[in-house]
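Following UniProt numbering, the residues of the sequence shown are numbered contiguously, the last one being 929.
Backbone N, C-alpha and C fix where the C-beta goes; we use that ideal spot for every residue, glycine too.
Here the structure comes first, spelled out in structure tokens, and everything after it is commentary.
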Amino acid sequence: MNYGKKSTQKREKELTSKSTMIRKKFYVIFCKSLLVCVFAVMVIGACSGVGVIRGIIASAPTIDDIVATPTGFLSTVLDANGNQTATLVASGSNRRAVTIDEIPKNLQHAFVAIEDERFYEHNGIDVTGIIRAGVKGVASGFHFSEGASTITQQLLKNTVFTSWTSESSMADKFERKFQEQYLALQLEKVVDKDWILENYLNAINLGQNTLGVGVASERYFGKDVSDLTLSECAVLAAITQNPSKYNPITNPQENSKRRMKVLNNMKDQGYISQEEYDEAVADNVYDRIQLVNIESETNSINSYFVDELTDQVIQDLVEQKGYTETQAYKALYQGGLTIYSTQDPEIQAICDDEVNNLDNYPTAPKVSFSYRLSVRSADGSISNYSEQTMLSYYQSSNKSFSINFNSEEEAAAAIEQYKTDIMKDGDTIVNGSETVTYTLQPQAALTIIDQSTGNVKALVGGRGDKTANKTLNRAADTTRQPGSTFKIIAAYAPALDAGGLTLASVQDDAPYNYGSGQGGAVNNYDNRYRGFTTLREAITNSINIVTVKTLAQIGPSLGYDYICDFGITTVGLDESSNETLALGGLTHGVTNLELTAAYATIANSGTYIKPKFYTKILDHDGNVLIDNTEPVSHTVLKDTTAWLLTDAMKDVMTQGTGTPAYFGSSMAQAGKSGTTTKNRDALFAGFTPYYTCVVWGGFDDNSPQSGGQTTYPKKIWKAVMSRIHENLEYQDFTKPSGIVTAQVCKESGKLAIAGVCDADPRGSQVYTEYFAEGTQPTEYCDHHIVANICNASGQLAGGYCPADSISSRVFVIGGTVGTEDTPYLLTDDFKNNTCTMHNEGNSTYQGTSAFSAVPGVNNDNSGGTQAPADNTQQTQPPADTTDNTPADNTGGGDAPSDGATGGDSSTNTGGDNTSGGNDGWNIGDAPVQ
């Protein structure tokens with residue numbers, strides 16, 4: 001810098017020049033103007049904000065107008081005819097109001113510690129919590145998942161702002177949230193903390209159809225809320241954030257994690273001591289919960305249908321309307337809804353009647369039980385017992401021990417003996433801990449669906465009297481192995497639809513093992529090996545090996561894809577490579593409801609419709625809350641595939657394993673039977689043009705059943721379906737366009753050769769089969785062959801055998817020794833031995849023709865040794881493929897056997913098309929005339 005005199009004067013002149021002063025003045029004026037504008041905008045914005053806020057506050061209900069206590073209206077369920085079948089109400093079965101004095105301090109503090117730690121300090125809103133949630137939301141990329149609502153706000157949300165689930169914009173949400181906070185401030189001015197906490201604890205959803213801590217304590221612990229321990233209080237407090245995820249019965253591990261957070265918060269916030277914390281952590285509370293996992297009895301017992309209906313309504317309110325589970329339960333049990341169900345009262349009554357009809361069962365019912373007992377030892381420790389501990393106790397020395405008895409008296413005596421065996425001197429039974437519920441065995445379940453709409457018309461979840469709501473629903477909730485009913489779903493449907501096979505395709509019913517690591521040998525129920533067998537016959541007679549080979553040929557992964565498309569949700573991806581899928585060998589089994597929907601897909605021309613229990617729901621004001629009339633559907637099979645499967649299953653009813661279920665020619669019927677290992681499960685799945693019905697039977701404890709006593713599902717199916725179709729017009733299954741016929745050979749599934757396939761020693765193997773157009777065979781039978789036999793030696797005719805001593809015989813080729821094809825196989829030993837009686841050294845017949853000329857086989861009439869026939873020179877015309885008559889089962893084939901079970905698929909071994917090999921063989925693939 002130059003700080004000399006001249007430089008300074010020059011700089012002063014520049015700064016005081018007129019142009020410089022003008023620029024400075026303009027800059028100052030601009031900055032002042034900008035500040036004025038900014039300030040004005042801020043003032044206007046603030047005024048507008050104040051105006052908006054004042055408007056929101058003005059539109060909020062006043063504190064005098066709101067009712068922040070849990071209230072509601074009963075909901076009504078109507079059947080398909082408009083008759084009331086059930087009422088759903090919170091009081092009694094769903095909520096029992098309790099006062100703050102009845103609620104233990106530990107329970108109050110548990111909810112405060114996990115839901116609103118500054119509850120006793122704030123005045124309705126938690127500014128610290130709002131800031132914390134905002135900071136975390138910004139830090140996580142503006143994902144605001146952290147809650148900041150106080151218990152006061154949550155109470156208002158559940159009792160006042162019940163329409164929040166219909167908010168369509170952020171503006172609506174902001175308005176509700178601001179009003180909620182405003183009213184929280186106002187509410188806390190007029191009521192105390194105990195009033196707020198009492199109503200909050202009576203309003204919340206705690207899972208298992210419980211609202212409020214009063215009924216929840218009874219549901220989970222079998223005791224009054226005032227008797228809850230610290231550990232039990234923490235369990236309940238852990239539920240409320242997400243009643244499904246933290247359900248201590250179905251998800252005890254998740255509840256346990258959150259319970260630990262509750263206890264840690266209580267300790268950190270000074271509500272409990274370290275000693276109390278340690279005692280609660282050590283408590284094995286979840287074993288105790290499982291032991292008292294029985295539903296509360298109620299004066300109004302809903303049917304199994306209504307039990308499942310309520311589950312579906314809750315699910316749809318959450319998924320379609322965005323309700324929380326608390327809001328969904330509140331709407332269902334307090335919202336005054338009118339639910340139009342799909343239940344047909346007449347069909348339901350028939351189903352209930354026949355499931356409980358003793359005439360449908362082979363023996364008198366047995367009796368099992370659900371048992372709970374707590375025993376206090378002399379040292380004060382408590383041990384819990386159940387029917388499962390009873391089973392384990394006795395099966396340790398007697399593997400065949402069962403809790404299925406001939407009468408309630410026998411069962412009661414067994415219980416008394418069990419108590420005698422386990423209790424020691426000084427042991428006492430905890431007062432009120434012993435409960436027993438008797439159940440008839442074997443049990444049964446069924447579902448009926450109108451396949452054209454997906455409407456569930458009737459559902460029976462068990463046999464015997466239903467004594468409580470939400471008891472075990474064997475039709476909708478439990479999974480059992482489906483046995484051979486799964487063959488259609490996992491193997492034959494995908495094989496016909498996408499696997500390149502037809503009903504005429506054959507598999508060699510011969511000894512076969514599952515793929516590597518999937519099990520041992522596959523066995524047929526009757527221990528037979530039939531040899532070459534068509535898929536139609538395998539379906540009709542429930543042949544396991546053919547089914548397993550079919551799935552192996554098309555690939556288990558394709559079968560798995562179709563299982564999923566059929567709506568089965570209980571088969572995991574880890575099972576997608578298992579050949580055992582074909583026989584219903586599943587890790588978890590399937591529900592009766594989903595299996596019925598899968599068969600309804602076939603009955604509905606290949607279109608799956610999600611089962612529905614209601615058509616619409618109206619709110620308390622009569623407005624449509626949910627319209628469920630439109631089906632949720634997708635295509636699984638081509639209509640031609642569905643019809644072909646149906647046609648094969650019609651044979652099951654009239655000549656196969658389903659004959660005991662067939663109720664006569666008054667209505668077209670199709671179905672499939674199924675049993676599992678040791679007959680632990682017995683099923684029949686079938687349908688008519690009107691309805692689809694699946695019946696399951698078995699013991700709840702999975703005990704084996706006698707093989708001769710598993711027809712009762714078929715008898716129940718027959719009794720139910722015959723009665724509900726009594727006044728319905730006869731209908732057959734509509735054959736779609738694109739179905740053609742062809743005369744094929746049962747041994748190969750290919751076009752039959754006249755004079756060969758119909759000249760099988762067992763009788764004609766030719767029949768007419770249906771095909772989807774474009775899938776009918778174009779090749780001729782390659783499992784039959786004609787050989788010339790010397791009558792004198794019984795061996796293959798040689799070149800020196802006299803013509804008048806030669807006859808032709810039809811053999812089977814490509815089969816397996818040891819099957820029922822064995823007597824008719826052209827074996828290697830037979831092929832390697834030509835006639836030893838006539839040869840050049842001892843025959844006087846030289847140059848005589850070995851056999852008569854056969855067009856298309858032997859075209860050389862000059863005599864002498866003939867070369868084997870060439871399959872490519874076949875000139876015999878094929879069977880007429882234009883015939884439209886149904887399959888002709890005459891000639892060959894075994895009569896169907898009742899009671900068949902299981903079945904799977906395999907790779908077709910194909911036929912050996914080689915003919916001849918030595919001079920003098922006279923073997924052809926065409927008829928000898």
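Checklist entry - Which of helix, strand or coil does DSSP assign to Ser-805? => result Translated into the one-based positions of the sequence shown, residue 805 becomes position 805. Three-state result, Ser-805: helix.
Checklist entry - Can you tell which of Tyr-438, Val-636, Gly-531, Asn-832 has the C-alpha that lies nearest to the C-alpha of Glu-408? => result To locate residue 408, count along the sequence shown from 1; it is residue 408. It is Tyr-438.
Checklist entry - When you compare only the Cα positions, how much space is there between Met-81 and Ile-347? => result Reading the sequence shown from its first residue, position 81 is the one you call residue 81. Reading the sequence shown from its first residue, position 347 is the one you call residue 347. In the sequence on display, residue 81 carries Asn and not Met. Each residue's alpha carbon lies about 12 Å from the other.
Checklist entry - Counting pairs of beta carbons, one from the stretch 668-687 and one from the stretch 697-704, are three or more of them closer than 8 Å? => result yes
Checklist entry - Is the CB-CB distance between Leu-78 and Tyr-333 below 8 Å? => result Here residue 78 corresponds to residue number 78 of the sequence shown, with the count starting at 1. Here residue 333 corresponds to residue number 333 of the sequence shown, with the count starting at 1. No, the pair does not count as a contact, with Cβ atoms beyond the cut-off.
Checklist entry - Terminal residues of the continuous alpha helix (DSSP H) containing Gln-709? => result Working through the sequence shown from its first residue, we reach residue 709 at position 709. Here Gln-709 belongs to no alpha helix (DSSP H), and DSSP marks it neither H nor E.
Item to check | Sheet register partners of Asp-627 (DSSP bridge) | outcome: Along the sequence shown, read from residue 1 onward, the residue named residue 627 stands at position 627. DSSP lists Lys-616 as partners of Asp-627.
Checklist entry - DSSP state of Arg-288, grouped into three classes? => result As a first step, residue 288 must be located in the sequence shown, where it is residue number 288. If DSSP states are grouped into helix, strand and coil, Arg-288 belongs with the helices.
Next on the checklist: Comparing C-alpha positions only, which one of Val-744, Glu-820, Tyr-712, Thr-428 sits nearest to Leu-358?
Outcome noted: Taking the first residue of the sequence shown as position 1, residue 358 is located at position 358. Per the Cα distances, Tyr-712.
Checklist entry - Mind pulling the alpha helix (DSSP H) runs of 4 or more residues that sit fully within the stretch 548-577? => result 556-565
Checklist entry - Which two residues bound the contiguous beta strand (DSSP E) that contains Ala-436? => result Indexing the sequence shown from 1 puts residue 436 at position 436. Here residue 436 is Val; the residue named in the question, Ala, does not match the sequence. 435-441 is the span of the beta strand (DSSP E), which, as asked, contains Val-436.
Item to check | Backbone CA spacing between Leu-558 and Ile-489 [nearest angstrom] | outcome: By one-based count along the sequence shown, residue 558 stands at place 558. By one-based count along the sequence shown, residue 489 stands at place 489. Those two C-alpha atoms are separated by around 11 Å.
Checklist entry - Given a threshold of 16 other Cβ atoms within 10 Å of its Cβ, counted over all protein chains shown, does Asn-628 qualify as buried or as exposed? => result Residue 628 sits at position 628 when you count from the first residue of the sequence shown. By the 10 Å Cβ count, Asn-628 comes out buried.
Checklist entry - Looking at C-beta atoms only, is the number of pairs between the stretch 574-589 and the stretch 539-550 that lie closer than 8 Å three or more? => result yes
Checklist entry - Can you tell me whether DSSP reads Phe-851 as helix, strand or coil? => result Numbered from its first residue, the sequence shown carries residue 851 at position 851. Because Phe-851 carries a pLDDT of 31, less than 50, the predicted location of this residue cannot be relied on, and no value is offered for it.
Item to check | Cβ-based neighbour list, Gln-208, same chain, cut-off 6 Å, excluding 5 preceding and 5 following | outcome: If you number the sequence shown from 1, residue 208 lands on position 208. Arg-219.
Checklist entry - Okay, do the stretch 326-340 and the stretch 359-376 touch, 3+ Cβ pairs below 8 Å being the bar? => result no
Checklist entry - alpha helix (DSSP H) containing His-109: first to last residue? => result Taking the first residue of the sequence shown as position 1, residue 109 is located at position 109. Taken as a continuous stretch (DSSP letters only), the alpha helix (DSSP H) holding His-109 covers 105-115.
Checklist entry - Around the C-beta of Ala-203, are 16 or more other C-beta atoms found within 10 angstroms, so that it is buried, or is it exposed? => result As a first step, residue 203 is located in the sequence shown; it is residue number 203 there, counting from the start. Label assigned to Ala-203: buried.
Item to check | Range of the contiguous beta strand (DSSP E) that encloses Arg-118 | outcome: By one-based count along the sequence shown, residue 118 stands at place 118. First-last for Arg-118: undefined, no H or E at that position.
Item to check | Best match in Ser-505, Phe-221, Thr-485, Glu-115 for proximity to Asp-782 [C-alpha to C-alpha] | outcome: Position 782 of the sequence shown holds residue 782. Answer by Cα proximity: Ser-505.
Next on the checklist: Please list the terminal residues of the continuous alpha helix (DSSP H) segment that includes Leu-317.
Outcome noted: Along the sequence shown, read from residue 1 onward, the residue named residue 317 stands at position 317. 304-321 is the extent of the alpha helix (DSSP H) around Leu-317.
Checklist entry - Taking three-plus beta-carbon pairs below 8 Å as touching, is the stretch 744-758 in contact with the stretch 658-668? => result no
Next on the checklist: Between which residues of its own chain and Ala-68 is the CB-CB distance below 7 Å, once the five residues before and five after are set aside?
Outcome noted: Taking the sequence shown and counting its residues from 1, the one referred to as residue 68 is at position 68. Once the five neighbours on either side are set aside, the close Cβ partners of Ala-68 are Leu-155, Leu-156, Thr-159, Val-160, Leu-187, Asn-199.
Checklist entry - Given that a residue counts as buried once 16 or more other Cβ atoms are within 10 Å of its Cβ, and exposed if not, what is Ser-374? => result If you number the sequence shown from 1, residue 374 lands on position 374. When all chains shown are included, Ser-374 counts as buried.
Checklist entry - Taking the alpha carbon of His-784 as the point to measure from, which residue in Gly-815, Tyr-770, Pro-777 has its own alpha carbon closest? => result Walking along the sequence shown from the start, residue 784 turns up at place 784. The shortest C-alpha separation from His-784 is found at Gly-815.
Checklist entry - Ordered along the chain, which non-local residues of its own chain (more than five positions away) have a Cβ less than 7 Å from that of Glu-279? => result Taking the first residue of the sequence shown as 1, we reach residue 279 at position 279. Once the five neighbours on either side are set aside, Glu-279 has no close Cβ partner at all.
Next on the checklist: Taking the beta strand (DSSP E) that Leu-391 belongs to, which residues open and close that run?
Outcome noted: For the purposes of this step, residue 391 is taken as the residue at position 391 of the sequence shown. Leu-391 -> not in any beta strand (DSSP E); alpha helix (DSSP H) instead, spanning 387-395.
Checklist entry - For Asp-116, which residues of its own chain have a beta-carbon under 6 Å away from its beta-carbon, when the five flanking residues on both sides are left out? => result As a working note, residue 116 is residue 116 in the sequence shown. Around Asp-116: Thr-150, Ile-151.
Next on the checklist: Short of 6 Å in beta carbon distance, which residues of its chain neighbour Lys-419, apart from the five on each side in sequence? Order them along the chain.
Outcome noted: Counted from its first residue, the sequence shown places residue 419 at position 419. Closer than 6 Å at the Cβ level, and outside the excluded window around Lys-419, lies no residue.
Checklist entry - For the candidate residues Lys-715, Leu-291, Lys-399, whose alpha-carbon lies nearest to that of Ile-249? => result Looking up residue 249 in the sequence shown gives position 249. It is Leu-291 whose Cα lies nearest to the Cα of Ile-249.
Checklist entry - From Tyr-767 to Ile-813, what does the alpha carbon distance come to, in whole angstroms? => result Working through the sequence shown from its first residue, we reach residue 767 at position 767. Working through the sequence shown from its first residue, we reach residue 813 at position 813. When rounded, the distance between both Cα atoms is 19 Å.
Checklist entry - So Asn-578 packs on Gln-518, CB below 8 Å; how close in whole Å? => result On the sequence shown, position 578 is the one that residue 578 refers to. On the sequence shown, position 518 is the one that residue 518 refers to. Contact holds; Cβ gap of about 6 Å.
Checklist entry - Is Gly-589 buried or exposed, if buried means 16 or more other CB atoms sit within 10 Å of its CB? => result Residue mapping note: residue 589 aligns to position 589 of the sequence shown, counting from 1. Buried is the call here.
Next on the checklist: Among Gln-179, Leu-337, Gln-108, Lys-715, whose alpha-carbon lies nearest the alpha-carbon of Val-624?
Outcome noted: In the sequence shown, residue 624 corresponds to position 624, counting from 1. The shortest Cα separation from Val-624 among Gln-179, Leu-337, Gln-108, Lys-715 belongs to Leu-337.
Checklist entry - Exposed or buried, what is Lys-714 when buried is set at 16 or more other beta-carbons lying within 10 Å of its beta-carbon? => result For this step, residue 714 is matched to residue 714 along the sequence shown. Flag for Lys-714 reads buried.
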